[in-house]
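2 protein chains.
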Amino acid sequence: MQLGMIGELRLLEEIRRRFSDPSQKRDRGIIVGIGDDAAAFTPPLETMLVTTDMMHEGVDFDLSYTSPFHLGFKLVSVNVSDIAAMGGRSSFLFLTMSMKGDTDEIFFTKFCDGVARALQQYGMALIGGDLSSARNDMVFSATVIGNTGKPVLRSGASAGDGVYVTYVTGDAACGLELLKRMAPESREAVKKWLDYEVPLPDLILTDGSGFSKIDGNRVKPLLARHLMPAARDVRDLLPHITSMIDVSDGLFMDLCRICDESGTGAKVYLDKVPMSDSMKFASDRIGLSSLELAVSGGEDYELLFTMPPDVAERLDVGHACIGEITEKERITIDKSGRKAALKAEGYQHFGPA
Amino acid sequence: MQLGMIGELRLLEEIRRRFSDPSQKRDRGIIVGIGDDAAAFTPPLETMLVTTDMMHEGVDFDLSYTSPFHLGFKLVSVNVSDIAAMGGRSSFLFLTMSMKGDTDEIFFTKFCDGVARALQQYGMALIGGDLSSARNDMVFSATVIGNTGKPVLRSGASAGDGVYVTYVTGDAACGLELLKRMAPESREAVKKWLDYEVPLPDLILTDGSGFSKIDGNRVKPLLARHLMPAARDVRDLLPHITSMIDVSDGLFMDLCRICDESGTGAKVYLDKVPMSDSMKFASDRIGLSSLELAVSGGEDYELLFTMPPDVAERLDVGHACIGEITEKERITIDKSGRKAALKAEGYQHFGPA
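Top to bottom, those sequences are chains A and B.
Counting the first sequence from 1 gives a position; my numbering is that position plus 19.
Counting the second sequence from 1 gives a position; my numbering is that position plus 19.
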């Protein structure tokens, strides 16, 4: 059934029925959640953190290769990632949806499924939001509230700190490039794929002039990282982290943000930028530079942080050290020792193409 | 200059320059506002309130008679109104904007002017948000955080309580009907009108077959109520208010929400519904029922609350008592004593037209 035939009130009832868990209310200090003018809750004793992110159809997501489930999951994750980048734990979600009247109810249900999966994964509760309608493109927006004992800002880096990044970068960007090149039937297979454990078939890529196959299971981590990224968490290292950001617009662009806010420079050893074998394999297959994807690809949702290197060594942090914070100089150094300027290249809305 | 030529980073810088007031940071317990992954602030000691609202072009606003200044102001107001309906005071705004690449910079500046005016009026600070781009319709979304010593829920009404509403209802809906019927040159005059003190010229209305004039200053309160509604505040009555809601979708629909949540009925005396003379005059001129506009018009942003009538009388609340909460029965009674069913009629997204 189309949403236009269901009506706002019944949709709100459905959301309320689905996401209001009375057992959670007491534990979390929720006085009132969905269903009043505003949510009310007892404040935490720690510092409060609030972040918000909007996803606009055709700009931030493309329904030809993104399922509503993926979208719901990702919308929560990207906000949780922002809270994590402040050293925080996410507690509450506020969800705003603007869908078209002719949108099918199944879209709405699957989107909620994705949101619910993420809430469960991060131990959060949905306690408010807004429902609007759209004439053209759909828009989803989320606000996440969290808290931390020690807020970590972008501005705390000092010359001499090591620069660390969790896991690998470039996977999500490479996954997106694969999806863009994928034949419709393969896109459909990927859209139905909701669980990382489930195997993927061979996928068909097309470059306009011909078709080729790629092993679905080999590129699974890349597709997963784009479609339903899990937010990272380095709270065990919090006492020692001097600055942090989540990599959403590209590793170099986000590193430059740390430098800008901290009033420093940075030196990056290109051969230390962590990349996955899957990404190297797939980028090679589609003729893209893996390093390019890793340093400016965007949507990694990895955490980029700084820490005194002696502390990092002592703690055995387990994340790649890609360079160090400098007084002023911003450079990259390749394997042969060649230096180049470190440039803030990455994605920006309204940006020059 | 178009936003697409300016770029996201410069727009963000502009927002940050404009809305980051270092003197406010200390006073409000802001640790970090705009410019990090999330905003961080010291929690209040009182109950926290959070609300969010999205406005989608073509659905929630029409740029042919709404200026960007009005839009910015209203977006903040409607959220502040939700916080007020919980008995709260608003502190922080998070603002999300999705505009088109070919949107003129002036639109952005004027929108920010409207937001700034509202922030000043309500004593709030903008401490975060998100900037996205849109292919078609623009979307603006806001999250407002406030606090209260006593959260007032929709669910607290009891049989016997009086039903009160601040000021008058129907003004905003009537203002919207006037704007819809207004000739383009009059719409332009209204769009340039940013200050209530400034007089308005005669306005030209058109019904398709002909034109007529209406005194701009006489209908000024109606246009103002639609274009830039001020949020109401009844915090001086808080200790005695048993339930509250802000009237956004229509007086009767929102009263029914109080009844639904409180498990009660309500009786409304139609001749007690407060209406302004301007609204009665203008609705008559355009052939609409003033009572109809007042009970189901929507976007009033008045506060509808319940309170024991003896307390209200003793305090001299200064707001219209339109009826009382009943055990179960939901009825309206007109001047001649005729009863009819109280129906939840008002605006809903995705609703049957």
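C-beta atoms are modelled at their ideal positions from N, C-alpha and C, and glycine is treated no differently.
Self-check item: 8 Å Cβ cutoff met for A/M247 and A/H89
Solution: In this structure, A/M247 places its C-beta atom within 8 Å of the C-beta atom of A/H89.
Exercise. Report all residues from its chain with a CB closer than 7 Å to the CB of A/L31; omit the five preceding and five following residues, and keep chain order.
Key: The answer, listed in chain order, is L150.
Exercise. Compute the beta-carbon to beta-carbon distance between B/D101 and B/D265, rounded to the nearest angstrom, for a pair I have assumed lies under 8 Å.
Key: 6 Å between Cβ atoms; contact.
Quiz item: Considering only C-alpha positions, which residue in the set B/K239, B/E33, B/S308, B/L310 is nearest to B/I125?
Solution: Of the candidates B/K239, B/E33, B/S308, B/L310, the residue whose Cα lies closest to the Cα of B/I125 is B/E33.
Quiz item: Using a Cβ-Cβ distance under 8 Å, would A/R173 count as near chain B?
Solution: For A/R173, a Cβ of chain B is located within less than 8 Å of the residue's own Cβ.
Quiz item: In terms of DSSP beta bridges, what is B/V97 paired with?
Solution: B/V97 pairs with nothing; no bridge assigned.
Self-check item: Contact under 8 Å by Cβ, B/V69 with B/V95
Solution: Between B/V69 and B/V95, the C-beta gap is not smaller than 8 Å, which leaves the two residues out of contact.
Quiz prompt | Close beta carbons around A/E196, own chain, < 7 Å, minus the five adjacent residues each side | solution = Closer than 7 Å at Cβ, skipping near neighbours: I305, L307.
Quiz item: When you check each C-beta in the segment 255-273 of chain A against every C-beta of chain B, which residues fall closer than 8 Å?
Solution: Correct list: M263, I264, D265.
Practice problem: Just mark A/M118 as buried or exposed, buried being the case when its beta carbon has 16 or more other beta carbons within 10 Å. | Solution: The residue is buried, with at least 16 neighbouring Cβ atoms inside 10 Å.
Practice problem: Under 6 Å Cβ to Cβ from B/K210, same chain only, skipping five residues before and after it: list those, please. | Solution: Counting only Cβ-Cβ distances below 6 Å, and skipping sequence neighbours, we find S86.
Self-check item: Reduced DSSP category for B/E280 - H, G, I as helix; E, B as strand; rest coil
Solution: Assigned with DSSP and collapsed to three states, B/E280 falls in helix.
Quiz item: So B/V336 is in the beta strand (DSSP E); what residue range does that whole segment cover?
Solution: No beta strand (DSSP E) holds B/V336; DSSP gives it neither H nor E.
Practice problem: Give the interface partners of B/T162 over in chain A, defined as CB-CB distance under 8 Å, in chain order. | Solution: Using a Cβ-Cβ cut-off of 8 Å, B/T162 is close to V69, T71, F113, T162 of chain A, given in chain order.
Self-check item: Cut-off 8 Å between Cβ atoms - residues of its own chain near A/V330, not counting five sequence neighbours on either side
Solution: Result list for A/V330: H259, in chain order.
Quiz item: In whole angstroms, what is the alpha-carbon distance linking B/L323 and B/C275?
Solution: Roughly 11 Å separates the two Cα atoms.
Practice problem: Give me whichever residues DSSP pairs with B/T61 in a beta bridge. | Solution: Per DSSP, B/T61 has no beta-bridge partner at all.
Self-check item: In chain order, each alpha helix (DSSP H) run of at least 4 residues that lies wholly inside the segment 112-152 of chain A
Solution: Runs of alpha helix (DSSP H) with 4 or more residues, each lying fully within the segment 112-152 of chain A, are found at 124-141, listed in chain order.
Self-check item: Whole-Å CB distance - B/M73 paired with A/T115, under 8 Å assumed
Solution: Taking C-beta atoms under 8 Å as the contact rule, B/M73 and A/T115 qualify, at a distance of about 5 Å.
Quiz item: Helix, strand or coil: how does DSSP classify A/M105 here?
Solution: It is coil, neither helix nor strand.
Quiz item: Taking 8 Å as the CB-CB limit, is B/F60 close to chain A?
Solution: Using a CB distance cut-off of 8 Å, B/F60 counts as an interface residue toward chain A.
Exercise. Please state whether DSSP places B/D265 in a helix, a strand or coil.
Key: Three-state result, B/D265: strand.
Practice problem: Just confirm the distance between the C-beta atoms of B/A285 and B/L361, as a whole number of angstroms; I'd bet it's less than 8 Å. | Solution: The Cβ separation is near 6 Å, so the contact holds.
Practice problem: Establish whether the CB of A/N236 and some CB of chain B are separated by less than 8 Å. | Solution: At a cut-off of 8 Å between beta carbons, A/N236 makes no contact with chain B.
Practice problem: Identify which residue in A/I352, A/V292, A/D81, A/G316 has its Cα closest to the Cα of A/M157. | Solution: Checked all of A/I352, A/V292, A/D81, A/G316; the closest Cα to A/M157 is A/D81.
Exercise. Give the single residue among B/A144, B/V253, B/E216 whose Cα lies nearest to the Cα of B/G337.
Key: Among B/A144, B/V253, B/E216, the Cα nearest to that of B/G337 belongs to B/V253.
Practice problem: Return the chain-ordered list of same chain residues with a C-beta closer than 8 Å to the C-beta of A/P371, the five sequence neighbours on each side being excluded. | Solution: Residue placement at A/P371 cannot be trusted, given a pLDDT of 47 that sits under 50; what the coordinates show is reported in the next sentence. Spatial neighbours of A/P371 in its own chain (CB-CB distance under 8 Å, excluding positions within 5 residues in sequence) are not present.
Exercise. Report yes or no: do the segment 34-41 of chain A and the segment 52-70 of chain A share at least 3 C-beta pairs separated by less than 8 Å?
Key: Taking 8 Å as the limit for Cβ pairs, the verdict is that the segment 52-70 of chain A does touch the segment 34-41 of chain A.
Quiz item: Given 8 Å as the limit, is there contact between the segment 186-202 of chain B and the segment 165-175 of chain B, that is, 3 or more CB pairs closer than that?
Solution: Inter-segment contact for the segment 186-202 of chain B and the segment 165-175 of chain B is absent: fewer than three beta-carbon pairs are separated by less than 8 Å.
Quiz prompt | A/E321 burial status per 10 Å Cβ neighbour count (16 or more: buried) | solution = So A/E321 ends up on the buried side.
Quiz item: Since B/K232 sits in a beta bridge, which residues does DSSP pair it with?
Solution: Bridge partners of B/K232 according to DSSP: B/I223.
Quiz item: Quick one: which chain A residues come within Cβ less than 8 Å of B/P170?
Solution: For B/P170, the neighbours in chain A by C-beta distance under 8 Å run, in chain order, I50, V51, A59.
Exercise. Report, in whole angstroms, the separation of the C-beta atoms of B/D132 and B/G181, which I expect to be a contact under 8 Å.
Key: With 8 Å as the limit, B/D132 and B/G181 do not qualify as a contact, their Cβ atoms being about 40 Å apart.
Quiz item: What separation, rounded to the nearest whole angstrom, lies between the Cα atoms of B/S281 and A/T128?
Solution: When the Cα atoms are used, B/S281 and A/T128 turn out to be separated by approximately 29 Å.
Exercise. Check the DSSP bridge columns for B/H75 and list the partner residues they point to.
Key: B/V158.
Practice problem: With B/M326 as the anchor, note down where its beta strand (DSSP E) starts and where it stops. | Solution: Counting along the chain, the beta strand (DSSP E) containing B/M326 begins and ends at 321-326.
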